[in-house]
Amino acid sequence: MSVEERVLIAGAGPVGLTAAANLVRAGVPVTVLEAGPDLSEESRASTFHPPTLDMLDRLGAAAPLIAQGLKAPAFQYRSKQHGVLAQFEFAAIADVTGHPYRVQAEQSKLTRILYEQLRERSEFELQFDSAVEGVTQHPAGVEVAINRNGSRETRSGRWLIGADGARSDVRRALAIEFDGFTWPERFLVVSTPFDFRTVIPDLVAVSYVTDPKRWHFLLQIPGLCRVMFPVASEESDELALHPEFAQSLMATVVPGVMNYEIAHVTLYKVHQRVAKTFQQGRAFLAGDAAHINNPLGGMGMNGGIHDAVNLTSRLIEVWRGTKGESELERYDRQRRQVTLEYIEKQSIQNKRNLESDGTEFRRSLAEIAADQARTREYLLRVSMIASLRRAQELG
Ligand SMILES: Cc1cc2nc3c(=O)[nH]c(=O)nc-3n(C[C@H](O)[C@H](O)[C@H](O)COP(=O)(O)OP(=O)(O)OC[C@H]3O[C@@H](n4cnc5c(N)ncnc54)[C@H](O)[C@@H]3O)c2cc1C
1 MSVEERVLIA GAGPVGLTAA ANLVRAGVPV TVLEAGPDLS EESRASTFHP
51 PTLDMLDRLG AAAPLIAQGL KAPAFQYRSK QHGVLAQFEF AAIADVTGHP
101 YRVQAEQSKL TRILYEQLRE RSEFELQFDS AVEGVTQHPA GVEVAINRNG
151 SRETRSGRWL IGADGARSDV RRALAIEFDG FTWPERFLVV STPFDFRTVI
201 PDLVAVSYVT DPKRWHFLLQ IPGLCRVMFP VASEESDELA LHPEFAQSLM
251 ATVVPGVMNY EIAHVTLYKV HQRVAKTFQQ GRAFLAGDAA HINNPLGGMG
301 MNGGIHDAVN LTSRLIEVWR GTKGESELER YDRQRRQVTL EYIEKQSIQN
351 KRNLESDGTE FRRSLAEIAA DQARTREYLL RVSMIASLRR AQELG
């Protein structure tokens, strides 16, 4: 088989396009195959953590993202009964990141920024309406079968990155198991232009509110606040998507405030799953194709971007001949382990904290907030800097 000298990437989401940007920056030719007719408009991730911004900065994408987003230098935990339980400021870790804040912006802003920057480059090619359906591996390369508007084509490359999301066809074609579980409840995200600071004066842009029955978070993005609630398994999808249901949940946020203007409502199933391996020969999984988790703490896309940068930095070295193929094994070793140890564990713990009665959580938050060293350690963990350090330690 003659192999095209390029890297194939399935999926033009935030992870696939970050991978493409890092490779193209190093002069490695890339073809991105995207199933959809255009970049996705879906409103999902809206939080970019400090080390992710540091990575995007090296790709020239942080400044335009910040310009279109909202800087959140602090986040807080609240309870309906006690108000603010604790507030954490990223300034405490300004010595280890160039971006001591979260940026609140939709993931669709990042994909458009990256695409606009990449499309000028001769090493970059993106084909829409091109779903990867099959993968065949050879000693020197990988061949993918593509469904392009009903007709079948093939493309080859030296490596393949499956960044084709949670239902990854690449993962399925490689027969890699996706172990884990699905939570019985679903999450409802209600977006409103209502400015909650007019009724909660001490509110910051990122706020998590504990409650055993209806915890929620309030995440500000430019022009909108996203409020997310759990929907119990006994509450049907039909009920959950009824406009009155969203209004009834929103009415629990601030007593006496109701009849919100609602921009959109989306219901999500929530999973915790990690692929059995992130590498099979010349094919790799990254982002949601490799791992999914609940959105509390905003770690799914951020972790996926960390995967993309880790993997492509190694591919660049092998491409240039400065490292041997065995360098690529470090990707699975590092990223899979920190996904289990940090992303999965922390996102499950975040959910447990919010749905608890708050007593124990309040005590532990007070202890962390009262101790500078523990506050720093906590901020390093929630900002995902600790997971990146751990990945390095894994060698
Ligand atoms: C409500 C909600 C809130 C969230 N908030 C956050 C947050 O604040 N922070 C955070 O880090 N994460 C968050 N997440 C998770 C985040 O949205 C995902 O982790 C992120 O989208 C993963 O990016 P990706 O590029 O791996 O996959 P995707 O964004 O799913 O992109 C995959 C792309 O692949 C394409 N594709 C699919 N199949 C094929 C195929 N066979 N061939 C070619 N292309 C294909 C798709 O069309 C899509 O364009 C949230 C998720 C939800 C549901």
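Its first residue numbered 1, the sequence shown is counted upward by one per residue in the numbering used here. Every residue, glycine too, gets a C-beta built ideally from N, C-alpha and C. On a predicted model such as this, the values are computed, not experimentally measured, just so you know.
Closest by C-alpha distance to Lys-80, when choosing among Thr-210, Arg-25 and Ala-67: As a position in the sequence shown, residue 80 is number 80, starting the count at 1. Residue Thr-210 holds the alpha-carbon nearest to the alpha-carbon of Lys-80 among Thr-210, Arg-25 and Ala-67.
Range of the contiguous beta strand (DSSP E) that encloses Arg-58: Your numbering for residue 58 matches position 58 in the sequence shown. No beta strand (DSSP E) contains Arg-58, which is instead part of the alpha helix (DSSP H) from 50-58.
Residues sharing a beta bridge with Glu-153, DSSP: For the purposes of this step, residue 153 is taken as residue 153 along the sequence shown, with counting starting at 1. Paired residues: Ile-146.
Sufficient close CB pairs (3 or more, under 8 Å) joining the segment 145-158 to the segment 119-130: With the cut-off at 8 Å, the segment 145-158 and the segment 119-130 touch.
Own chain residues within Cβ distance below 7 Å of Leu-241, not counting five before or after: Along the sequence shown, read from residue 1 onward, the residue named residue 241 stands at position 241. Val-265 and Leu-267, listed in sequence order.
Nonlocal neighbours in the same chain, by C-beta distance under 8 Å from Gly-27, ignoring five residues either side: By 1-based counting over the sequence shown, the position of residue 27 is 27. Hits under 8 Å: Glu-123.
heavy atom of ligand 1 below 7 Å from Phe-284 C-beta: Counting from 1 along the sequence shown, the entry for residue 284 is found at position 284. No, Cβ of Phe-284 sits at least 7 Å from all heavy atoms of ligand 1.
The segment 80-94 in contact with the segment 31-44 per 3-pair CB rule at 8 Å: no
Ser-151 CB to nearest heavy atom of ligand 1 below 7 Å: As a working note, residue 151 is residue 151 in the sequence shown. Not so, every heavy atom of ligand 1 lies at least 7 Å from the Cβ.
Simplified DSSP assignment, three categories, for Leu-239: The residue given as residue 239 occupies position 239 in the sequence shown. Leu-239 falls in the helix class under three-state DSSP.
Cα-Cα separation between Glu-355 and Val-382, rounded to whole angstroms: The residue given as residue 355 occupies position 355 in the sequence shown. The residue given as residue 382 occupies position 382 in the sequence shown. The C-alpha of Glu-355 lies about 18 Å from the C-alpha of Val-382.
For Ile-343, the nearest candidate out of Gly-297, Gly-358 and Arg-352 (CA to CA): For this step, residue 343 is matched to residue 343 along the sequence shown. Of the candidates Gly-297, Gly-358 and Arg-352, the one whose C-alpha sits nearest the C-alpha of Ile-343 is Gly-297.
Inter-residue Cα distance where the pair is Arg-374 and Ala-145: Taking the first residue of the sequence shown as position 1, residue 374 is located at position 374. Taking the first residue of the sequence shown as position 1, residue 145 is located at position 145. Roughly 51 Å separates the two Cα atoms.
Check whether Gly-98 and Asp-54 have beta carbons under 8 Å apart: Position 98 of the sequence shown, counted from the first residue, corresponds to residue 98. Position 54 of the sequence shown, counted from the first residue, corresponds to residue 54. Yes, they are a contact pair.
The segment 42-59 / the segment 331-346 touching (three or more Cβ pairs under 8 Å): no
Simplified DSSP assignment, three categories, for Val-103: Here residue 103 is taken as the residue at index 103 of the sequence shown, counted from 1. The answer is strand: DSSP assigns Val-103 an E or B state.
Extent of the continuous beta strand (DSSP E) to which Ile-9 belongs: By one-based count along the sequence shown, residue 9 stands at place 9. Its beta strand (DSSP E) spans residues 7-10.
Paired residues, beta bridge with Pro-230 - DSSP: Walking along the sequence shown from the start, residue 230 turns up at place 230. Note: Pro-230 sits in a beta bridge opposite Phe-187.
Same chain only: Cβ atoms within 7 Å of Asp-332, ignoring 5 sequence neighbours per side: Here residue 332 refers to the residue found at position 332 of the sequence shown. If we look at Asp-332 and ignore the five residues flanking it on each side, its Cβ neighbours are Thr-277, Phe-278 and Gln-279.
Best match in Tyr-208, Trp-215 and Gly-69 for proximity to Arg-186 [C-alpha to C-alpha]: Position 186 of the sequence shown, counted from the start, is the residue given in the question as residue 186. Selected option, being the one with the closest Cα: Trp-215.
Closer than 7 Å: Asn-302 CB and nearest ligand 1 heavy atom: In the sequence shown, counting from the first residue as 1, residue 302 sits at position 302. Yes, ligand 1 has a heavy atom inside 7 Å of this Cβ.
Where the beta strand (DSSP E) containing Arg-273 begins and where it ends: Looking up residue 273 in the sequence shown gives position 273. Here the beta strand (DSSP E) through Arg-273 covers 271-275.
Counted within 10 angstroms of its Cβ, other Cβ atoms place Lys-269 as buried (16 or more) or exposed: For the purposes of this step, residue 269 is taken as the residue at position 269 of the sequence shown. It is exposed - the Cβ of Lys-269 has fewer than 16 other Cβ atoms within 10 Å.
DSSP-derived helix/strand/coil call for Asp-202: As a first step, residue 202 must be located in the sequence shown, where it is residue number 202. Note: Asp-202 maps to coil in three-state DSSP.
Close beta carbons around Pro-184, own chain, < 6 Å, minus the five adjacent residues each side: What you label residue 184 is simply residue 184 of the sequence shown in a count that begins at 1. Ser-233, listed in sequence order.
Gly-69 burial status per 10 Å Cβ neighbour count (16 or more: buried): Reading the sequence shown from its first residue, position 69 is the one you call residue 69. By the 10 Å Cβ count, Gly-69 comes out buried.
Beta bridge counterpart(s) of Ile-221 as assigned by DSSP: Numbered from 1 along the sequence shown, position 221 holds the residue referred to as residue 221. Ile-221 pairs with Leu-224.
Tyr-260 vs Thr-192 beta-carbon contact at 8 Å: Looking up residue 260 in the sequence shown gives position 260. Looking up residue 192 in the sequence shown gives position 192. Taking 8 Å as the Cβ cut-off, Tyr-260 and Thr-192 qualify as a contacting pair.
C-beta atoms of Asp-288 and Gly-165 nearer than 8 Å: If you number the sequence shown from 1, residue 288 lands on position 288. If you number the sequence shown from 1, residue 165 lands on position 165. Taking 8 Å as the Cβ cut-off, Asp-288 and Gly-165 qualify as a contacting pair.
Bridge partner(s) assigned by DSSP for Glu-89: Residue numbering aside, residue 89 sits at position 89 when the sequence shown is read from its first letter. According to DSSP, Glu-89 bridges with Ala-74.
Three-state class that DSSP yields for Phe-178 in the structure shown: Locating residue 178 in the sequence shown gives position 178, where the first residue counts as 1. Three-state result, Phe-178: strand.
Closer than 7 Å: Ser-40 CB and nearest ligand 1 heavy atom: Counting from one through the sequence shown, the residue named residue 40 turns up at place 40. Within the cutoff, so yes.
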